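Since the structure comes first, as structure tokens, the remarks are kept for the end.
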Amino acid sequence: MDIHTIQGIFTALMMACFLAVVWWAFSKQTKKRFNEAANLPFADEALDLQSRKKEGNHE
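Residue -10 in this note's numbering is what sits at position 8 of the sequence shown, and the numbering runs on without skipping anything.
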């Protein structure tokens, strides 16, 4: 086995890993979890507004 064969195997292995990550990222099972994570910054804002209303500090 020479260096070119090893490089070819490594390239094929890395391509398979990349395709596996892409398949996982765009699968239907992860869509809900990613949408929840995308809305996390807005959840903090809603909690902040609720606490300000309770304290009576309106901006």
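Backbone N, C-alpha and C define an ideal beta-carbon position, used for all residues, glycine too.
Just so we're clear, the structure is a prediction, and the values are computed from it rather than from any experiment.
Q. Under the three-state reduction of DSSP, which class applies to Phe0: helix, strand or coil?
A. For this step, residue 0 is matched to residue 18 along the sequence shown. Phe0 falls in the helix class under three-state DSSP.
Q: Give the secondary structure of Ser96 by DSSP, where H, G and I count as helix, E and B as strand, and everything else as coil.
A: Limits of the chain in this structure are -17 at one end and 41 at the other, which puts residue 96 out of reach.
Q: Just the C-alpha distance for Lys13 and Ser33, rounded to the nearest angstrom, thanks.
A: Position 31 of the sequence shown holds residue 13. Position 51 of the sequence shown holds residue 33. Taking the straight line from one Cα to the other gives about 30 angstroms.
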